[in-house]
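*Asks:* In the working numbering, the protein residues as written are 5 to 237.
Here it is: the structure, laid out below.
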């Protein structure tokens, strides 16, 4: 399999590039899988209070949710990249969106030179996304607009990316870059983090179980609680 990381700040064209590459790969009759890296330390794919969340809380080490058209495996811990990639056996390409630490070939999506260069390393092959259309910007590597010519980008990747099998070598994470790969919320005003924090401002338990609130109900309760605090002080 050819493993490629696509990185960049929000709204720089990462996901659009991944979508275009997926379509180009499938047109050639090849198989492709993707893995999305999430920076937010509070992120969970499972919903609080769901049956699967209760299974995990009870101590299950692996939980599966199996529906008519979808299957999900949930593990209550981080998983090494090599182990994740073993699930992609048989794929011709695996695209890692947002994985700055993977020691694999890299495409950098950016708006401008100032956010492109800090994300460029020795494994970077080319620039994609919004910056690819800005010919007035000088960049040290080739650039490709996947939205208009995904096949040219795929030809380039075919020529420059070697097939790699999952191995412990892929678990040797690249050194973090301050301001780019810091632990914690993403460094671009993460709206998911803000939303999560707003939701955690107010929690109502009924019988020990969380009660879902609308934004208006949450705001009303938060205002009431703040008023109670002020009266007590």
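Even for Gly, the Cβ is constructed at its ideal location relative to N, Cα and C.
Keep in mind it's a predicted model, so treat the numbers as computed, not measured.
1. Roughly how many angstroms lie between the CA atoms of residue 53 and residue 214, to the nearest whole one?
2. Where does residue 157 fall in DSSP's three states?
3. Which ranges would you report for the alpha helix (DSSP H) in the segment 100 to 145 if only whole runs of at least 4 residues count?
4. Whether or not the segment 138 to 145 and the segment 164 to 180 are in contact is what I'm after, with contact meaning three or more pairs of Cβ atoms, one per stretch, closer than 8 Å; do they touch?
5. Pair every Cβ in the segment 32 to 47 with every Cβ in the segment 90 to 98, then say whether three or more of these pairs are closer than 8 Å.
6. Decide if residue 55 is buried, meaning its Cβ has at least 16 other Cβ atoms within 10 Å, or exposed.
7. With H, G and I counted as helix, E and B as strand and the rest as coil, what does DSSP make of residue 27?
8. Would you decide whether residue 240 is buried or exposed? Buried here means 16 or more other CB atoms lie within 10 Å of its CB.
9. Residue 60 lies in the alpha helix (DSSP H); which residues open and close that run?
10. Inspect the CB distances between the segment 72 to 80 and the segment 133 to 140 and report whether three or more fall short of 8 Å.
11. Give the DSSP bridge partners of residue 44, in chain order.
12. Helix, strand or coil, according to DSSP, for residue 75 in the structure here?
13. Rounded to the nearest angstrom, what separates residue 163 and residue 50 at their Cα positions?
14. Beta strand (DSSP E) containing residue 1: first to last residue?
*Replies:* This is what the structure holds:
1. 7 Å
2. helix
3. 117 to 120
4. no
5. yes
6. exposed
7. helix
8. The requested residue 240 is not part of the displayed model; the chain covers only 5 to 237.
9. 55 to 62
10. no
11. BP columns for residue 44 are empty, so no partner.
12. strand
13. 39 Å
14. Residue 1 falls outside the range modelled here, since the chain spans only 5 to 237, and no answer is possible.
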